[in-house]
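Residue numbers (the working numbering), protein chains in the order written: chain A, 50 to 389; chain B, -12 to 236. Have a look at the structure below before the remarks.
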């Protein structure tokens, strides 16, 4: 009997390529006229978008208020640092847990929904947290936000490694990014991830073969919110502040636009590609015109109309076309031989 | 007489002010193939949906293997060993045929919370799924995308997904819907093959098909069971003859 299972590697070539490319940025980014902070920001957004895509791409669950969990992570890190004197790890752990906890609460209210109702509820909850961030002055600092968030030193191998410079903090964030990358890759190939994908395709059938659909949707939201919180915590340290804008509807929309443009619906790598394109467009187009978002928006519209599977989808269909052409050539060659 | 595997007593179901099921009682014996027939709009599919937990009955009781399952969710009922196929096909369309079956295996369901182990490495689950596909005549189509299967193959896969759960009781909702003569003949052979291994209940329009397969048939009309019995007994039932339901057989 032929074996029909298809193992997924623990670490894949695109993974190594992505991490290697990011790791090399300190060597050439300045020479290209850019700056290290840009790579750091892109990577944080990649992390956020990867977590978001667990919901959108794998669960088919459109969360349009995910900025809230990114923001909760940012504020949690700042508050833990300023009120509880938390160090690096406790701060980040707190950021991810706080966002996961808030996500768990919200998901409990929305996980019986799907489609447009799900989307609307996520927006509504997102706005609630944004509003809290602006109005609860005594905790969040209101519109000014939390300032002077530090990048605590990393204690490792009996040494203190300062993360104050953008380069060193970048490498620290890269290590976390690589870990999350591997964990998420495993997750989407695990039974959990596969059932989630089945739920995306047909929620009713998934229930009728005995899966607890609600609990899967809830868990996916919690994990996704936790990753958003981790990204938010890193962002707070990167920016050395946390402010309401990170929770805005804008930010929530940006991550959706990243995931879709990159091709999150058809590829694990969609969010990574999308975050890169988005932040680069912001900085490069933004240098020429203040209305860069207008142009980006137009590209987004064209993409949704003509290439809804995003960059990764375009790449996949190109590869499929090439493979067909190659197959046609190899099939044609023996035929030509036979004729001659 | 042994207690039936599945028993529904006095089921009522209404949508708004329309009564769809009025005091329906049905029972299915272990090891038999039971048929449910009746004209369009008689309440057959609603009946099926109430029996499999998609809708809750307004009144009445449903027991399976001696346990009261009235009003339980499809998930709970499925886990007790009751599986169903759908009239309008309900598959995981983006996945390959074999992945559709793998997702429905109880062994995979039990490990659904594993977030680290790669399901693609689980050769035994895939072997089990391949065996299910072979049973429904889809050997060789394992890695064909569900979308690219023919209509008849999708019908077979629909049953394969339901069989994957290793049910004690299998409900098939209009399995011949949309199939041509050849497809229907193939499906007949398939069901005839599996009917010795699992208790089956079929809702069916195609009388010839049902009369040749079923051990027992219940006729539903106006939300009630109007006749019941073996195919032979029903053929001579005056109501069945008058309503022309049995004519094809």
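Think of the CB as a built atom: it goes at the ideal place given N, C-alpha and C, for glycine as much as any other residue. Quantities reported herein were computed from a predicted structural model and do not represent experimental measurements.
May I ask you to list, following chain order, the residues of the region 342 to 373 of chain A that have a beta carbon less than 8 Å from some beta carbon of chain B?
none
To the nearest angstrom, report how far apart residue 264 of chain A and residue 99 of chain B are at their CA atoms.
Position 215 of the first chain holds residue 264 of chain A. Position 112 of the second chain holds residue 99 of chain B. So the two alpha carbons sit approximately 11 Å from each other.
Going along chain A in order, which residues have a C-beta closer than 7 Å to the C-beta of residue 129 of chain B?
Locating residue 129 of chain B in the second chain gives position 142, counting from the first residue. Correct list: 53.
Where are the alpha helix (DSSP H) runs, 4 residues long or more, that stay fully inside the region 104 to 130 of chain A, in chain order?
As far as the region 104 to 130 of chain A is concerned, it has no whole alpha helix (DSSP H) run of at least 4 residues.
Residue 218 of chain A: which of A:208, A:233, A:199, A:230 sits nearest, CA to CA?
Looking up residue 218 of chain A in the first chain gives position 169. Closest by alpha carbon: A:199.
If you measure beta-carbon to beta-carbon, which residues of the region 226 to 254 of chain A are closer than 7 Å to chain B?
235, 236, 238, 239, 240, 241, 243, 244, 247, 250, 251, 253, 254
Run through the DSSP bridge pairs and tell me what residue 71 of chain B is partnered with.
The residue you call residue 71 of chain B lines up with position 84 of the second chain. DSSP lists B:158 as partners of residue 71 of chain B.
Rounded distance between the beta-carbons of residue 204 of chain B and residue 216 of chain B, thought under 8 Å:
By 1-based counting over the second chain, the position of residue 216 of chain B is 229. By 1-based counting over the second chain, the position of residue 204 of chain B is 217. Right, the Cβ-Cβ distance comes to about 7 Å (below 8 Å), so this counts as a contact.
Is it right to say residue 318 of chain A is buried, meaning 16 or more other beta carbons lie within 10 angstroms of its own, or is it exposed?
The sequence position of residue 318 of chain A within the first chain is 269, counting from 1. Residue 318 of chain A should be labelled buried.
My assumption, with CB atoms under 8 Å, is that residue 239 of chain B sits in contact with residue 10 of chain B. Please give the rounded CB distance.
Because chain B in this structure spans residues -12 to 236, residue 239 of chain B falls outside the shown range and cannot be described.
By the 8 Å beta-carbon criterion, what residues does the region 115 to 146 of chain B contribute toward chain A?
116, 117, 129, 130
From this set, B:3, B:58, B:37, B:69, which residue's C-alpha is nearest residue 52 of chain B's C-alpha?
The residue you call residue 52 of chain B lines up with position 65 of the second chain. Nearest C-alpha to residue 52 of chain B: B:69.
Residue 50 of chain B lies in the beta strand (DSSP E); which residues open and close that run?
By 1-based counting over the second chain, the position of residue 50 of chain B is 63. Its beta strand (DSSP E) spans residues 46 to 51.
Once you ignore the five residues that flank residue 215 of chain A on each side, which residues in its own chain have a CB closer than 7 Å to its CB?
Working through the first chain from its first residue, we reach residue 215 of chain A at position 166. Cβ within range, chain order: 85, 86, 89.
Rounding to the nearest angstrom, what Cα-Cα distance links residue 16 of chain B and residue 188 of chain B in this structure?
Mapped onto the second chain, residue 16 of chain B falls at position 29. Mapped onto the second chain, residue 188 of chain B falls at position 201. The alpha-carbon atoms of residue 16 of chain B and residue 188 of chain B are separated by roughly 10 Å.
Using DSSP with H/G/I as helix, E/B as strand and the rest coil, what is residue 98 of chain A?
Numbered from its first residue, the first chain carries residue 98 of chain A at position 49. Reduced to three states, the DSSP call for residue 98 of chain A is helix.
Return helix, strand or coil for residue 74 of chain A, following the three-state DSSP convention.
The residue given as residue 74 of chain A occupies position 25 in the first chain. Look at residue 74 of chain A here: in three-state DSSP terms it is helix.
Helix, strand or coil: which one does DSSP assign to residue 210 of chain A?
Position 161 of the first chain, counted from the start, is the residue given in the question as residue 210 of chain A. Strand.
Selection of the region 202 to 220 of chain B by Cβ proximity to chain A, strictly under 8 Å:
none
Separation of residue 194 of chain B from residue 235 of chain B, as counted between CA atoms:
Here residue 235 of chain B is taken as the residue at index 248 of the second chain, counted from 1. Here residue 194 of chain B is taken as the residue at index 207 of the second chain, counted from 1. Here the model assigns residue 235 of chain B a pLDDT of 47, short of 50, so the residue's position is not dependable, and the following value carries that caveat. If I take the Cα positions, the gap works out to 6 Å.
What residue range does the beta strand (DSSP E) around residue 186 of chain B cover?
Against the second chain, residue 186 of chain B aligns to sequence position 199. Unbroken beta strand (DSSP E) run through residue 186 of chain B: 186 to 190.
Please compile the residues from chain B whose C-beta is within a distance smaller than 7 Å of the C-beta of residue 261 of chain A.
In the first chain, residue 261 of chain A corresponds to position 212, counting from 1. In chain order: 62.
Just to confirm, is the Cβ distance from residue 108 of chain B to residue 56 of chain A under 7 Å?
Along the second chain, one-based indexing puts residue 108 of chain B at 121. Along the first chain, one-based indexing puts residue 56 of chain A at 7. Closer than 7 Å, so yes.
With distances taken from CA atoms, which of A:261, A:330, A:266, A:236 is nearest residue 60 of chain A?
Position 11 of the first chain, counting from 1, holds the residue named residue 60 of chain A. Considering only alpha carbons, the answer is A:236.
When you compare the CB of residue 90 of chain B with every CB in chain A, is at least one pair closer than 7 Å?
Indexing the second chain from 1 puts residue 90 of chain B at position 103. Yes - at least one Cβ of chain A is within 7 Å of the one on residue 90 of chain B.
For a contact meaning CB atoms closer than 7 Å, what does residue 257 of chain A contact in chain E?
Structure shown: chain E not included; protein chains present are A and B.
Cβ shell of residue 148 of chain B (< 7 Å), same chain only, five flanking positions each side left out
By one-based count along the second chain, residue 148 of chain B stands at place 161. Closer than 7 Å at Cβ, skipping near neighbours: 78, 87, 88, 91.
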